[in-house]
Amino acid sequence: MQNLRLYFRLAGISMQRQLEYRFSFFMQILAQFIITISEFIGLAALFQGFGNIHGWTLWQVAFFYSMIALGFSISSLFTRGLDITPQLIKSGELDRYFLRPRPVLLQLLGFEFTLRRMGRLIQGIIVFILAVVNLQMHLDALKLLLILWSIMGSVFLFTGLMLGQATLSFWTIEGLEIMNSFTYGGLETGRYPLTVYKGWFRKFFTFVIPLGCVNYYSILHILEIEDPLGSSKLFQGLAPLGGVLFFFLGLFIWRMGLKHYKSTGS
Amino acid sequence: MRAYTAMMGAHMRCQLQYRAAAWAGMVTQLFFGMVKLMIFGAFYQSTKVEQPFSYEQMVNYIWLGQVLLMILPFRVDQELADLIRMGNLAYELTRPVKIFWFWYVRALSLRIVPVLLRALPMILLVGLVFPLLKLNQWALAPPVSWMAAIVFLSSLVLAFLLSAALQVLMSVTILWSMSSQGMDLLMPSIVWIFSGIIIPLPFYPPWMQKLFHWMPFRGLIDIPLRIYMGHIPVNAALGSLAVQLTWILVLLGVSSVLLKRGLKRVVIQGG
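In order, the protein sequences belong to chains A and B.
Under the working numbering, residues 1 to 266 are what the first sequence spells out, in order.
Under the working numbering, residues 267 to 537 are what the second sequence spells out, in order.
What follows is the structure, encoded as structure tokens:
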């Protein structure tokens, strides 16, 4: 409880610090917004040319696109500290975190609440609204709950991946780019329904990294579409749990990594 | 001249140390390439309408884009940025070389070595091993003709020179902003979209293509790749090379003027 209060205090200070440079701050949000919205314009352009992808329409894909963007961007708001763990290790700075009588992970999460990443979040919200309106969806309480549940699942999933990346940096700093396959690669993959991909790839992103669970399956339930892959409604509703479990796996690995950590000694 | 080539050699050897990073990067780039292949494969299966590229051309565009990914100046040169912020710029100013060209060869090596490190193994894999594994529909095909290959290589050289020019411009702007705001923040993300690495430029709506037409970024990826696969025919390619060359000269001119002005009012910080 005390830890939670400390986290909010750290996040608050971090936000204050970023708001000191107000112009720079708004520019950064605007920049990220423009970039991410151009990505979406690119997607829309592809649909103008191709019409559909395996029978999925632009706005159906836009719904997938926005849901994964929301999960990714929310997670990215508070995982900046995990992102820069390799640099902290390289400079020996991380050792200080061990000396303080608070969990290392808490300090890393409190390192920065990255407001400028709101640009992607805003984009996600806009695309989400556009998709909901164009699909003429009726959002009842159950659907809203399912939407929140799936977003929560993907926030957990991406945070778990970031934990994995930070843990990996205890062993190698150079090889870290591989994790981009799963973080940014996951973001890219989740933008399209799983049926677009080959079987082995679908299995990987369902059973190894449960991206499909927090995105594809639960969204089918929300959009009320029969699964071409044949999953049941019950499974679709429960699927985002996969993301939560993945996070706890990440946490477990992180704890193991912490024990293994040896300082660079500089 | 000798000083610059020596500097470039030293920087290149420095970059060669990051071999593990190159392997990790290659795996990631292969992964992204495959995701894109599957997505575009699905798109092509879903339509009968004629597209700007054939699927085979798209495969080449995707793989070459991944092979050449590191040509993009998507990061500020952090060492130079620190040097400017910490005041070590003073040392740079004492060297008996033109600081502008000094930074330019540095930027060149920063772009060339990571590409070379990754390009050969990746081309071998997707160009030779994939066909052996019967993954023909996913394999990189050779350039459409010998002429196209030669023009492609010239365009690629220009792409490196252009990328380094953009990189130097980013570094120079730090003299003004002193932090990661402004162009050094915007540019890296802009090159992602406007170079064509995310979606080939001919697939964007016409009004955006007009916009791309007047920007330097298509000279980084889009122009060389379309020459390779014959989408820009060899006789039209000279015009494209001229576009690249013009942008190199313009960007070099702008950044050298900015650097001169910036150095006049520079305040050395730190102690």
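Heads up, the beta-carbon is just placed ideally off N, CA and C, and yes, glycines get one too.
With a cut-off of 8 Å, does the C-beta of PHE201 of chain A fall near any C-beta of chain B? Flagged as an interface residue toward chain B: PHE201 of chain A, by a C-beta distance shorter than 8 Å.
If I measure Cβ to Cβ from ILE463 of chain B and keep anything under 6 Å in the same chain, skipping five residues before and after, which residues do I get? GLY331, ILE487
Please report the straight-line C-alpha distance between LEU176 of chain A and SER461 of chain B, rounded to a whole angstrom. Between LEU176 of chain A and SER461 of chain B, the C-alpha separation is close to 25 Å.
When you compare the CB positions of LEU163 of chain A and LEU88 of chain A, do they come within less than 8 Å of one another, or not? no
SER421 of chain B and LEU507 of chain B: beta carbons closer than 8 Å? yes
Buried or exposed, going by whether 16 or more other CB atoms sit within 10 Å of the CB of LEU495 of chain B? Here residue 495 of chain B is Met; the residue named in the question, Leu, does not match the sequence. When all chains shown are included, MET495 of chain B counts as buried.
Does GLY543 of chain B get closer than 8 Å to chain A when you measure Cβ to Cβ? The question about residue 543 of chain B has no answer, for chain B in this structure spans 267 to 537.
Can you give me the C-alpha to C-alpha distance between PHE269 of chain A and HIS260 of chain A, rounded to a whole angstrom? Chain A is shown only over 1 to 266; residue 269 of chain A falls outside these bounds and no answer can be derived.
If you scan the region 359-443 of chain B from start to end, which runs of the beta strand (DSSP E) of 3 or more residues do you find wholly inside it? none
Is there at least one Cβ from chain A nearer than 8 Å to ILE350 of chain B's Cβ? no
Does the distance from the C-beta atom of SER66 of chain A to that of VAL127 of chain A stay below 8 Å? At the C-beta level, SER66 of chain A and VAL127 of chain A come within 8 Å of one another.
Taking the runs of the alpha helix (DSSP H) that are 4 residues or longer, which of them lie wholly in the region 299-352 of chain B? 321-333, 344-352
Close beta carbons around LEU135 of chain A, own chain, < 6 Å, minus the five adjacent residues each side: TRP59
Nearest chain A C-beta to PRO471 of chain B closer than 8 Å, yes or no? Answer yes: the Cβ-Cβ gap between PRO471 of chain B and chain A drops below 8 Å somewhere.
Hey, how far is the Cα of GLN311 of chain B from the Cα of GLY291 of chain B? 30 Å
To the nearest angstrom, how far is the alpha carbon of LEU70 of chain A from that of PHE64 of chain A? 10 Å
Contact list for LEU176 of chain A against chain B, beta-carbon separation under 9 Å: ALA287, ALA290
Please list the residues of the region 496-509 of chain B that have a C-beta atom closer than 7 Å to any C-beta atom in chain A, keeping them in chain order. none
For VAL214 of chain A and LEU187 of chain A, the rounded distance between their alpha carbons: 12 Å
So is TYR216 of chain A in contact with chain B if we call contact Cβ pairs under 8 Å? no
Whole-angstrom C-beta distance between LEU517 of chain B and VAL438 of chain B, which should lie under 8 Å: That belief does not hold up - the Cβ atoms of VAL438 of chain B and LEU517 of chain B are roughly 10 Å apart, past 8 Å.
If you follow the alpha helix (DSSP H) that TYR284 of chain B is part of, which residue opens it and which one closes it? From DSSP, TYR284 of chain B is part of no alpha helix (DSSP H); its letter is neither H nor E.
Is the Cβ-Cβ distance between MET324 of chain B and PHE298 of chain B less than 8 Å? no
Using only the alpha-carbon positions, how far apart do TYR7 of chain A and GLN16 of chain A sit? Cα atoms of TYR7 of chain A and GLN16 of chain A: separation of roughly 14 Å, rounded to the nearest angstrom.
Leaving out five residues before and five after PRO86 of chain A in sequence, what residues of the same chain have Cβ atoms less than 7 Å from its Cβ? SER169, ILE173, LEU176
Contact criterion: CB-CB distance below 8 Å. Does VAL244 of chain A meet it with respect to chain B? Cβ-Cβ to chain B under 8 Å: no for VAL244 of chain A.
Counting only C-beta atoms, is VAL196 of chain A closer than 8 Å to chain B at any point? yes
Going along the chain, which residues of the region 370-399 of chain B sit with their C-beta nearer than 9 Å to a C-beta in chain A? none
Short Cβ contact (8 Å threshold) for VAL379 of chain B with TRP329 of chain B: no
List, from N- to C-terminal side, the beta strand (DSSP E) runs of 3 residues or more that fit wholly inside the region 449-485 of chain B. none
Can you tell me which residues form a DSSP beta bridge with TRP56 of chain A? A:ILE53
Comparing C-alpha positions only, which one of A:PHE26, A:SER154, A:ILE53 sits nearest to PRO193 of chain A? A:ILE53
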